[in-house]
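Chemist:
Residue numbers (my numbering): 19 to 303.
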């Protein structure tokens with residue numbers, strides 16, 4: 019992604035499909051499945067699974083039923099086969115893009131993960147968006163026009179798969195460059211996961227709590243190991259230190275705020291909490 023932006027594909031279709039899982043048409047989806055599976059009993063089971071009624075709750079907590087025998091579209095979100103089927107149907111769009119040589123026509127490339135995708139183009143993003151809108155309509159899908167945007171990555175940032183891509187500011191000399199960094203939403207989600215571990219009701223031993231915390235931090239840093247991440251890592255370290263200090267102070271009923279006894283050097287040292295800045299600098303495994 020970053021290399022494509024730097025290579026001149028800086029005009030971006032930041033796309034969003036409206037209720038993708040709910041709108042996948044059964045007939046066309048089963049055609050995709052039948053091209054790969056010839057066992058009639060297996061096809062029958064997939065079709066029955068798509069028709070199974072699902073109990074859901076709306077935003078107000080009210081129960082509602084979706085699906086059922088009369089349903090003609092949608093694959094249950096959360097179902098074990100839904101990601102596979104969703105990818106299978108999305109592949110129709112990607113194949114049509116290749117067959118019609120849209121990459122050459124629009125000097126563009128599609129980058130996708132399941133139904134999340136962006137189109138990176140050299141000055142022909144508007145044409146690529148118009149073509150995509152028509153193809154999605156033919157596939158029975160709809161672009162979310164409120165969230166689908168045309169962006170100039172040289173001047174505007176956009177989020178994709180947890181990263182923010184676009185202009186970055188180099189603090190040492192003030193110059194701007196195209197880069198990638200963990201998005202603010204990704205950092206906020208990690209903070210919430212840290213909070214969920216370090217709650218007063220967590221009565222596990224400190225090694226157990228620490229190991230769970232480190233597992234979350236290590237997994238997050240492994241995914242967000244690309245691009246400019248120093249500021250995000252520092253923000254996470256500060257939050258982790260604050261929450262660990264608060265957690266242990268309450269557990270041991272310390273009268274003070276614990277800033278000396280539980281200084282950052284202690285938390286990320288003897289107490290064994292993973293420090294992302296150390297991961298960034300290569301001083302910690």
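Virtual Cβ for every residue (Gly too), placed ideally from N, Cα, C.
Which residues mark the beginning and the end of the beta strand (DSSP E) in which residue 82 is found?
Modeler: Counting along the chain, the beta strand (DSSP E) containing residue 82 begins and ends at 81-84.
Chemist: Take residue 106 and list the residues in its own chain whose beta-carbon comes closer than 6 angstroms to its own, dropping the five residues that flank it on each side.
Modeler: Around residue 106: 50.
Chemist: Secondary structure at residue 234, three-state DSSP: helix, strand or coil?
Modeler: Helix, per DSSP.
Chemist: With a 10 Å radius around its C-beta and 16 neighbouring C-beta atoms as the bar for buried, classify residue 247 as buried or exposed.
Modeler: With 16 or more other Cβ atoms within 10 Å, it is buried.
Chemist: Quick check on the burial criterion: 16 or more other C-beta atoms within 10 angstroms. Buried or exposed for residue 303?
Modeler: Bear in mind that the predicted position of residue 303 carries a pLDDT of just 43, short of 50, making it unreliable; the figure below should be weighed with that in mind. Flag for residue 303 reads exposed.
Chemist: Run the CB neighbour count on residue 164, radius 10 Å, all protein chains shown included, and call it buried at 16 or more, exposed below.
Modeler: Residue 164 comes out exposed.
Chemist: Given that a residue counts as buried once 16 or more other Cβ atoms are within 10 Å of its Cβ, and exposed if not, what is residue 137?
Modeler: Buried.
Chemist: So, for residue 76: in the same chain, excluding its five sequence neighbours on each side, which residues have a beta-carbon less than 7 angstroms away from its beta-carbon?
Modeler: Here the set comprises 82.
Chemist: Could you give the DSSP three-state label for residue 286: helix, strand or coil?
Modeler: Here residue 286 sits in coil by DSSP.
Chemist: Note down the Cα distance separating residue 210 from residue 80, rounded to an integer number of angstroms.
Modeler: When rounded, the distance between both Cα atoms is 26 angstroms.
Chemist: Quick check: residue 32 and residue 166, are their CB atoms within less than 8 angstroms of each other?
Modeler: Yes.
Chemist: Taking the beta carbon of residue 285 as the centre, do at least 16 other beta carbons fall within 10 Å, making it buried, or is it exposed?
Modeler: Counting Cβ neighbours within 10 Å, residue 285 comes out buried, since at least 16 surround it.
Chemist: Whose C-beta lies closer than 8 angstroms to the C-beta of residue 131 among residues of the same chain, with five residues either side of it excluded?
Modeler: Only 179 meet the Cβ criterion.
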